[in-house]
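*Asks:* Quick note, my numbering runs 19 ahead of the 1-based positions in the sequence shown.
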Amino acid sequence: MTGYDDDLRLAHVLADQADSVTMQRFKALDLKVETKPDLTPVSDADKATEELLRTALGRSRPRDAVLGEEYGDTPGNSGGTVRRRWVIDPIDGTKNYVRGVPVWATLIALMEGREPVVGLVSAPALGRRWWASKGSGAYSGRSLSSATRLSVSRVHMLEDASFAYSSVVSWEEDGKLDGFLALARACWRTRAYGDFWSHMMVAEGSVDLAAEPEVSLWDMAAVAVIVTEAGGTFTSTEGDPSPAAGSACTSNGLLHDSLLAYLGG
């Protein structure tokens, strides 16, 4: 038992509720899709899922703050400095979702100050779920009672490593295409699994390193605690361990310095 068991159980309940909404709307013929100011898509399922999660958290954790991709930051009822904040991405991989590609997930995290202490990633169209809490390890499975503990790989040379990413163009836009391509050439294998999935593969040891040049806190809060509890390392491309740093590098730890050497410039 740890101090976050109740929070982790709540995260699973929230994920079950989210899955019911997202799966019901997945591939729906009447799915409504809009374009946000940053030119990324948002569907009615994104909005409905975040509204559901916010309502549930308001009942279960009224003192905690909530940050979500679609509706921003909501303070809790603690009355003082906010220490606990739930961070949610209702659908990570909306572009996949609206095209009928099953690689998308609901991301739920609890942060204490700047540190994520609980994280859950639920990808119902893939039939997969990953979760972790600080000090208790990382797991994957259908439920808390049916789970396998996660562990990163032991690959220690780039020429033997599998590298996952989301988009080549994003590295070009960030001015780091040369480093990205050099890293890709140095690795044994590269695949664009994308979004949350690349990092969950790092956590379960099927991929050795993954990186994204531009991310938000709600993209990475859950990912960071899952990867680190699986024995891996999470930082920005500049080596900042905060999931709010704006970019993301995950690895089995053994390859992290090499990863940053290529992408940190």
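Every residue gets a Cβ at the ideal spot worked out from N, C-alpha and C, and that includes glycine.
What residues in its chain sit with their C-beta under 6 Å from that of L202, if we drop five residues either side in the sequence?
*Replies:* Correct list, in chain order: Y281.
*Asks:* If you follow the beta strand (DSSP E) that S181 is part of, which residue opens it and which one closes it?
*Replies:* S181 to A183
*Asks:* Within the continuous alpha helix (DSSP H) that includes D24, where are the two ends?
*Replies:* Taken as a continuous stretch (DSSP letters only), the alpha helix (DSSP H) holding D24 covers D24 to R44.
*Asks:* D90 by DSSP, collapsed to three states: which one?
*Replies:* What sits at residue 90 in the sequence shown is Tyr, not Asp. Coil at Y90, not helix or strand.
*Asks:* The beta strand (DSSP E) with V136 in it runs from where to where?
*Replies:* In the DSSP assignment, V136 falls within the beta strand (DSSP E) that extends over E134 to A142.
*Asks:* Are the beta-carbon atoms belonging to A128 and L72 less than 8 Å from one another?
*Replies:* no
*Asks:* Roughly how many angstroms separate the alpha carbons of S165 and W149, rounded to a whole number?
*Replies:* Cα-Cα distance, rounded: 12 Å.
*Asks:* What did DSSP end up calling L169 once you bin it into helix, strand or coil?
*Replies:* coil
*Asks:* Identify which residue in G112, P121, L126 and G213 has its Cα closest to the Cα of L27.
*Replies:* L126
*Asks:* Just how far apart, CA to CA, sit F253 and Y116?
*Replies:* 26 Å
*Asks:* Going by beta carbon distance, what residues of the same chain come within less than 6 Å of L58, once the five residues before and after it are set aside?
*Replies:* Low confidence applies here, because L58 scores a pLDDT of 48, under 50, leaving its location unreliable and the question unanswered by this model.
*Asks:* When you compare the segment 190-197 with the segment 139-159, are there three or more beta-carbon pairs, one atom per stretch, that lie closer than 8 Å?
*Replies:* The segment 190-197, when compared against the segment 139-159, does not touch it at the 8 Å Cβ threshold.
*Asks:* In terms of residues, what are the limits of the alpha helix (DSSP H) holding T113?
*Replies:* T113 to R118
*Asks:* Ignoring anything shorter than 4 residues, give me the alpha helix (DSSP H) runs that lie fully in the segment 206-253, in order along the chain.
*Replies:* 214-223 and 236-248
*Asks:* Exposed or buried, V174, counting other C-beta atoms within 10 Å across all chains shown (16 or more means buried)?
*Replies:* buried
*Asks:* Would you please verify whether the beta carbon of E70 is less than 8 Å from any beta carbon of chain B?
*Replies:* Within the model displayed, chain B is absent; a lone protein chain is all it includes.
*Asks:* Taking D25 as the reference, which of V137, D108, V188 and P94 has the closest Cα?
*Replies:* V137
*Asks:* By DSSP, does M20 sit in helix, in strand, or in coil?
*Replies:* Note that M20 scores 45 on pLDDT, short of 50, meaning its location in the model is unreliable; the coordinates nonetheless yield the value given after this. DSSP places M20 in coil when its eight states are reduced to three.
*Asks:* In three-state terms, what does DSSP make of T74?
*Replies:* helix
*Asks:* When you compare the CB positions of H218 and V246, do they come within less than 8 Å of one another, or not?
*Replies:* yes
*Asks:* Would you mind giving the Cβ-Cβ distance between L279 and G250, rounded to the nearest angstrom? I have them listed as a contact below 8 Å.
*Replies:* Their Cβ separation, rounded to whole angstroms, is 18 Å, which puts L279 and G250 out of contact at 8 Å.
*Asks:* Under 8 Å, do A241 and L139 count as touching if we go by C-beta distance?
*Replies:* yes
*Asks:* For A157, does the three-state DSSP call read helix, strand or coil?
*Replies:* strand
*Asks:* Is T41 near P143, with beta carbons less than 8 Å apart?
*Replies:* yes
*Asks:* Are the CB atoms of A230 and A263 within a distance shorter than 8 Å?
*Replies:* no
*Asks:* Look at T113 and S186 and say whether their C-beta atoms are less than 8 Å apart.
*Replies:* no
*Asks:* Among the residues of its own chain, which have a CB less than 6 Å from the CB of L335, if the five just before and after it don't count?
*Replies:* In the structure displayed, the chain extends from 20 to 284; residue 335 sits before or after that span and is not available.
*Asks:* Look at the alpha carbon of S19 and the alpha carbon of E233, and state the distance between them as a whole number of angstroms.
*Replies:* Nothing about residue 19 can be reported from this structure: the residues present for the chain run from 20 to 284 only.
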